[in-house]
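Visitor: Residue numbers (my numbering): 10 to 505.
Backbone N, C-alpha and C define an ideal beta-carbon position, used for all residues, glycine too.
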Ligand code: UN1
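1) How many Å lie between residue 11 and residue 28 at the Cα?
2) Are the beta-carbon atoms of residue 87 and residue 200 separated by less than 8 Å?
3) Does the pairing of the stretch 415-428 with the stretch 245-256 give three or more beta-carbon distances under 8 Å?
4) Of the choices 74, 138, 30, 65, whose alpha-carbon is the least far from that of residue 500?
5) Is there at least one non-hydrogen atom of the ligand UN1 closer than 7 Å to the beta-carbon of residue 375?
6) Taking the alpha carbon of residue 15 as the reference point, which residue from 114, 74, 196, 59 has its own alpha carbon closest?
7) Identify, in the order they occur along the chain, each residue of the same chain with its Cβ nearer than 6 Å to the Cβ of residue 54, setting aside the five sequence neighbours on each side.
8) Looking only at C-alpha atoms, which of 496, 404, 128 sits nearest to residue 477?
9) Using the three-state DSSP reduction, which class does residue 86 fall into: helix, strand or coil?
10) Going by C-alpha distance, which of 399, 323, 314 is nearest residue 347?
11) Is residue 163 near the ligand UN1, in the sense that its beta carbon is under 7 Å from a heavy atom of that ligand?
12) In chain order, what residues of the same chain lie with their CB nearer than 7 Å to the CB of residue 465, ignoring the 5 residues before and after it?
13) Does the Cβ of residue 167 lie closer than 7 Å to at least one heavy atom of the ligand UN1?
14) From this set, 490, 182, 502, 503, which residue's C-alpha is nearest residue 134's C-alpha?
15) Below 8 Å on the Cβ atoms is my contact criterion, and I expect residue 382 with residue 366 to pass it. Report the Cβ-Cβ distance as a whole number of Å.
16) Residue range of the beta strand (DSSP E) that residue 227 falls in?
17) By a C-beta neighbour count over all protein chains shown, 10 Å radius and 16 as the cutoff for buried, is residue 185 buried or exposed?
18) Measuring alpha carbon to alpha carbon, tell me which of 246, 239, 143, 404 ends up nearest residue 304.
19) State buried or exposed for residue 389, treating a residue as buried only when at least 16 other CB atoms are found within 10 Å of its CB.
20) Nearest to residue 391 by alpha carbon, out of 336, 349, 248, 260?
21) Count the C-beta pairs between the stretch 204-211 and the stretch 149-157 that are closer than 8 Å, then say yes if the count reaches three, no if not.
See the structure below:
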C-alpha cells in the first residue's frame, strides 16, 4: 500500500493508474520529506490521452466560445476559493516562499478571468473585398489537440498560461507536468473537472520527460506543442516536432540583467535587485543574474546591496518571515555550486555567499546562500550561462552604450531592466535592449498576464505565452470569402 494517494493520470475525465504500474516520488525541497507519488506513465498512457483528447475536441470545438468561457469563469472561482491551500502545497512542492506562492496562484486566477473574457472576443478581421457582392473575413479556428509541457518553477501559473487559452479557443489539451510538482497539476486538473469541463478536453499524463514528453513529439494526434523549460530540451523539441510538422511554441532560458546607471535611484535599484535575483531562489526564467552598473556608481551600489543580501533570511518558505526558500533538488544545488567554483576560477571576486547552507534544520533541505560576485567580466561563464539559482554577477561598465552592449551580449533574450532618471536614455534603452520584455525602473520579474511573455534569440522561437499573443499559438487563421454575386468573379484579374 502507498502511504499517499498517488497522482494518477487524468484521461477522458477519469483518474487512471499508469499502464506501467510504476510510480515516482516527489519531495519537499525544504526538508526532504516525501510528499507524494506520481504515475510513471508509458507511451501507451499518452496514446490513450491523445485519443480521448481527439474525441472530445470534435464536440468541444462546436460549443459556442462564450459557453466554453463559462467553464473558465468557474475555474477562476475555484482557484480563488482554494488560493491558500494551493499556495501552501506549492511552497511545499517546489520551495518558493508563501507570499510568492500566493502570487503565483493569483497569476492563474488572473489568467482564467482574462481568458474567460476571450470567450466573447476571439476577434478576427472583416475587410472589404476588391470585388462587388463579395465579403471577406478571417476567423480564429482551434488547431486541434495541444500538447503542453510545463516546468516546476511555476507549476500552476505556466500551466494556466497554456491550458486556458487553448481550451477557450476550442482545442483539447494533453498535459505533461513536471515530475517535481505533481500535486499542483492534480489539483489544477481537479478544478477543471469540478468546473464542468467535459471529459477529455483536458488530460494529464504524469511521467518522465524522455518517455512521455518524447512520445508527445512523435504522436500524430498532437498538433501543437507548447513548452517552457531549458534551451537544450527546447532545441530537441523543435527539431523533433519540426520534422513531424507540429507547431511548436518554446519559452526557454534567460540571462537577464538589471542595468543601473549612475543617475539612478540606488535604493530603489537595490530593492529591485534583491527581489529579482533572489526571489524564487533565482529559479525564474526572468530572474536577474547580472547587474550591469556604471563604474561611477559601482562602489556605492555594492555598499548598499551586500548587507541587504547578507540579511536575507533563508529557510522553509512556509514560515512567513523567510525571504529565500530552498532550491529544487540536490542536482540543482550541485549545479549552482559548480558555477560558483567556475566564477572563482575565472577570477571573479566572491563578495558574499558561495556555499551550501547546512546549519540546523537547513541540513535536511537544499539551501544555497544568496551569492554576489563582483569584478565580473561580461564574457565569463557565470555572466553568460543560465545558473538558475541565487547567484548574481556584478559587471562594471564605462558608459550607457557599453551597458546595452553587455546586456545584449548573451545568447538569451528574455527580460532586461534599466534604472535611470534620464528620459532620453530610457527611450534608447527601450529601443536597443534586444529582449522580449523590458522594464524601466523595475526589476526583471513581475510580468502581467494580459501582455505577451517570451523572449528573443535562444529564449524562444518567435511565439509568446500570455495576452492576446497566446491565441496565435492555439488558433489557426481561417480566411473566408463569401461571393454573393451569383457569377464567377476573378480576383486580381477582373478589375485590372
Ligand atoms: C518564469 O520564470 O518561468 O514575470 C515565469 C515573472 C512571473 C512569471 C515568470 N510572472 O517573473
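Guide: Taking the geometry as given:
1) Because the pLDDT at residue 11 is just 47, under 50, the model does not fix this residue reliably, and the value given afterwards should be weighed accordingly. Spanning the two alpha carbons is a distance of roughly 17 Å.
2) yes
3) no
4) 138
5) no
6) 196
7) 18, 27, 28, 214
8) 128
9) helix
10) 399
11) yes
12) 422, 443, 444, 445
13) yes
14) 490
15) In fact, because the Cβ distance is near 18 Å, the residues do not count as touching under 8 Å.
16) Careful: residue 227 lies outside any beta strand (DSSP E), inside the alpha helix (DSSP H) at 223-227.
17) buried
18) 404
19) buried
20) 349
21) no
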